[in-house]
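Beneath this line is the structure, given in structure tokens, with notes to follow.
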């Protein structure tokens, strides 16, 4: 039996890149010219063009510092190149920057503001999570960007507590509450909060509190 017998046929053959002969000149140059693009925050990108010039693109505003955009008010090749790379997933979208996730350590596109966590590791307010040490299900009250070795509770950092040995000291702290410590009618913000290093918690696939 050959390898091909194990491989399903594609529904249709397609190009991975567009047929540039059918594109307008600016779009064709955006796809074909060598450019280096780097996100610089705030939805802006530095674009080094083939000519050696560098321009700044503000993607949400649709602006570029190049003459084509500034004087002709055209959607220039630099704007189009940034849009192409963001759409393909090669470049961080506005509001995110490349970096290492503080929990899993993998390189991802991370939020510019807030905890440096990828989507897979990020906790949101109201998420049910499980304490790996006790098995208790708790609820996230707030995810922070403060490392466990900088968050102090009763004159000790969160990282210094014996129960947190083995968890990275630079893990961001997550504030949680015990949802059943008071009647279910008690507001989330009225419950006592406890600080844990992020890696000590795992998602419990539920939303206990809105």
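Residue numbers (our numbering): 1 to 210.
Glycine residues also receive a C-beta, built at the ideal position from the N, C-alpha and C atoms.
All values derive from a computational prediction rather than experimental measurement.
In the assembly as shown, residue 199 is a buried residue. Its beta-carbon has 16 or more other beta-carbons within 10 Å. The segment 55–66 and the segment 100–112 do not touch, with fewer than 3 CB-CB distances between them shorter than 8 Å. Taking the Cβ atoms as the reference, residue 190 lies roughly 22 Å from residue 158, outside the contact range of under 8 Å. For residue 175, the closest alpha carbon among the candidates 126, 204, 161 and 134 is that of 126.
In this structure residue 179 does not touch residue 145 by the C-beta definition: roughly 24 Å separates them, more than the 8 Å allowed. Assignment of beta-bridge partners to residue 203 by DSSP yields 129. For residue 30, the uninterrupted alpha helix (DSSP H) segment begins and ends at 25–32.
Beyond the five residues adjoining it in sequence on each side, residue 93 comes within less than 6 Å, by CB distance, of 86 in the same chain, given in chain order. Contact check for residue 164 against residue 148 passes: the beta carbons are separated by less than 9 Å.
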